[in-house]
Amino acid sequence: SQQGEEDPQALSIQEGENATMNCSYKTSINNLQWYRQNSGRGLVHLILIRSNEREKHSGRLRVTLDTSKKSSSLLITASRAADTASYFCAQGTSGSRLTFGEGTQLTVNP
Amino acid sequence: GAVVSQHPSWVICKSGTSVKIECRSLDFQATTMFWYRQFPKQSLMLMATSNEGSKATYEQGVEKDKFLINHASLTLSTLTVTSAHPEDSSFYICSAWATGGQETQYFGPGTRLLVL
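Residue numbers (my numbering), protein chains in the order written: chain A, 1 to 110; chain B, 1 to 116.
Laid out in structure tokens, this is it:
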């Protein structure tokens with residue numbers, strides 16, 4: 001399978017805490033993207049990090065990329081109950097294909 | 001931001017019938033659209049790449065005669081599940097790749113299919 005792996009599969013934290021999710025992939029990438037999916041809904045694009053970038057920020061989100069380890073992490077700081085969702089990393093390769101990781105189910109308890 | 005719509009949002013059908021799902025890019029042109037399938041509590045699996053004006057490219061293991069894709073215009077791709085069976089019940093999501101070389105795909109809200 002070309003799918004990447006994400007860990008943890010499930011994460012439960014209290015509001016205000018930080019949440020860190022990790023993603024590993026297997027093939028060379030052009031970019032790596034993170035998406036959010038609320039239960040039964042479509043995907044929302046969160047952030048894209050290119051293969052020549054190491055870190056990127058967007059609001060409360062911080063993404064890192066280590067191409068030597070073929071891994072990425074997503075950090076959500078000061079989490080809120082509304083951040084409860086599934087989070088997926090997706091590897092962008094040539095031809096605009098996206099290969100999704102298995103996802104992390106984040107639950108933020110109020 | 002760019003918007004992609006899907007219709008219907010959910011459908012229930014009898015086994016053996018065909019179901020058509022539409023994916024539209026509302027405010028941009030998309031030469032390429034993608035169709036994904038997602039089972040409960042699982043990730044998205046790419047089924048096929050839909051190219052405007054040409055045949056779709058199917059992923060390994062996806063039956064092209066079972067899942068018919070038509071991308072007749074720059075804003076519309078359709079997925080038809082032919083002779084649907086209960087095992088085809090799933091969440092189908094499309095995404096569109098904006099022409100102009102942007103790296104982001106925009107996802108539709110998904111269509112939930114239940115085959116009885």
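Using N, Cα and C, we set each Cβ at its ideal position, and we do this for glycine too.
Within chain A, the residues that residue i reaches when beta carbons sit closer than 8 Å
{"i": "B:W97", "result": "S96"}
{"i": "B:I93", "result": "G42 and L43"}
Contact list for residue i against chain B, beta-carbon separation under 9 Å
{"i": "A:H45", "result": "G1, T104, Q105, Y106 and F107"}
Same chain, Cβ closer than 8 Å to residue i, five either side skipped, listed in chain order
{"i": "A:L43", "result": "Y35, R36, Q37 and F88"}
{"i": "B:F67", "result": "W35, M47, A48, Y58, L79, T80, V81 and T82"}
{"i": "B:S15", "result": "A84, H85, P86, V115 and L116"}
{"i": "A:N18", "result": "L75, I76, T77, A78 and S79"}
{"i": "B:C13", "result": "V19, A84, L113, L114, V115 and L116"}
Nonlocal neighbours in the same chain, by C-beta distance under 7 Å from residue i, ignoring five residues either side
{"i": "A:P8", "result": "T104"}
{"i": "A:V108", "result": "I13, E15, S79, R80, A81, D83 and T84"}
{"i": "A:N31", "result": "L48, I49, R50, S51 and G92"}
{"i": "A:E53", "result": "L65"}
{"i": "A:P110", "result": "E15 and A81"}
{"i": "A:Q2", "result": "Confidence at A:Q2 is low in this model, with a pLDDT of 44, below 50, so the placement of that residue is unreliable and no value is reported for it."}
{"i": "A:K56", "result": "I47, I49 and V63"}
{"i": "A:S24", "result": "G4, E5, K70 and S71"}
Bounding residues of the beta strand (DSSP E) (the contiguous stretch that carries residue i)
{"i": "B:L68", "result": "F67 to S73"}
{"i": "A:Q33", "result": "N31 to Q37"}
{"i": "A:Y25", "result": "Segment: none, A:Y25 is in no beta strand (DSSP E) and carries neither H nor E."}
{"i": "A:V108", "result": "T104 to N109"}
{"i": "A:G92", "result": "A85 to G92"}
{"i": "B:E22", "result": "V19 to S25"}
Cβ-Cβ separation, residue j to residue i (assumed contact under 8 Å), whole Å
{"i": "A:R97", "j": "A:T77", "result": "Wrong, their Cβ atoms sit about 31 Å apart, outside the cutoff."}
{"i": "B:V4", "j": "B:S95", "result": "7 Å"}
{"i": "A:S72", "j": "A:I47", "result": "Contact doesn't hold; Cβ gap of about 10 Å is too wide."}
{"i": "B:F91", "j": "B:Q38", "result": "4 Å"}
{"i": "B:C23", "j": "B:Q6", "result": "5 Å"}
{"i": "B:E52", "j": "B:S73", "result": "7 Å"}
Neighbouring residues, chain A, relative to residue i (Cβ below 7 Å)
{"i": "B:S43", "result": "Q3, F88, F100, G101, E102 and G103"}
{"i": "B:G110", "result": "R41 and G42"}
{"i": "B:T32", "result": "S96"}
Contacts around residue i, its chain only, beta-carbon distance under 6 Å, and the 5 residues preceding and following it disregarded
{"i": "B:S50", "result": "M33, A56, I69, H71 and S77"}
Partner residues on chain B for residue i, Cβ-Cβ distance less than 8 Å
{"i": "A:L32", "result": "Residues of chain B passing the Cβ test: none, with the nearest at roughly 11 Å."}
Within chain A, partners of residue i - CB distance below 9 Å
{"i": "B:L46", "result": "R97, L98, T99 and F100"}
### Message
Taking 8 Å as the cut-off, does the stretch 74–83 of chain B touch the stretch 78–86 of chain A (at least 3 CB pairs, one atom from each stretch)?
### Response
Flag = no, the stretch 78–86 of chain A and the stretch 74–83 of chain B do not touch.
### Message
Check whether the stretch 49–65 of chain A and the stretch 59–75 of chain B are in contact - that is, three or more C-beta pairs closer than 8 Å.
### Response
no
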